[in-house]
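One structure below.
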Amino acid sequence: MLVNKEKDIDSSGTFDERAKRYLHYMKFKNMNEQWIETAEGEIRIMIDALADYYDIARRNTETMDIGHARAVWEDRLERIKKIQTKLEDSINYSRDRQIETCMNQKFRKNDDIGEDAVALASRK
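Everything in the sequence shown is counted per the working numbering, starting at 391 for the first residue and increasing by one.
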């Protein structure tokens, strides 16, 4: 859950330490700084959602005819990828590395049920 912290900002620590706890942005109209407190897990969810959206939109864009609409989508996808990379760098997280780890664990799954099957069969 994102919480807007306009006045109750913990100013302890360096800027880098605070930046890890909060998302910082500035409203240019009034030049007011805004901080949104969020957990690292929520940022990972945002990264994964951006990456999934990027992958789906990239596939759809490749099938489009060359023209203005395709150029707009390609520009938008570049910006989405930059945002994703910026968020990944800020929390030292790599979606590609995480997917690779999950796939390795999936293939190392132990299918030997051994003693568990014997115990379940003897209970019946």
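Don't be surprised by glycine CBs; every beta carbon is placed ideally from N, CA and C.
- Sixteen is the threshold: when 16 or more other Cβ atoms of the shown chains lie within 10 Å of the Cβ of Q474, as they do, the residue is buried.
- I435 counts as exposed, since fewer than 16 other C-beta atoms from the protein chains shown sit within 10 angstroms of its C-beta.
- In the structure shown, T475 falls within a helical segment according to DSSP collapsed to helix, strand and coil.
- Separation of the CB atoms of Y444 and K476 is rounded to 13 Å, and the pair is thereby denied contact status at 8 Å.
- If you compare the alpha carbons of D479, R466, S512 and I489 with that of I433, the shortest gap goes to D479.
- Residue environment: I437 is assigned as buried (16 or more neighbouring CB atoms within 10 Å of its CB, all protein chains considered).
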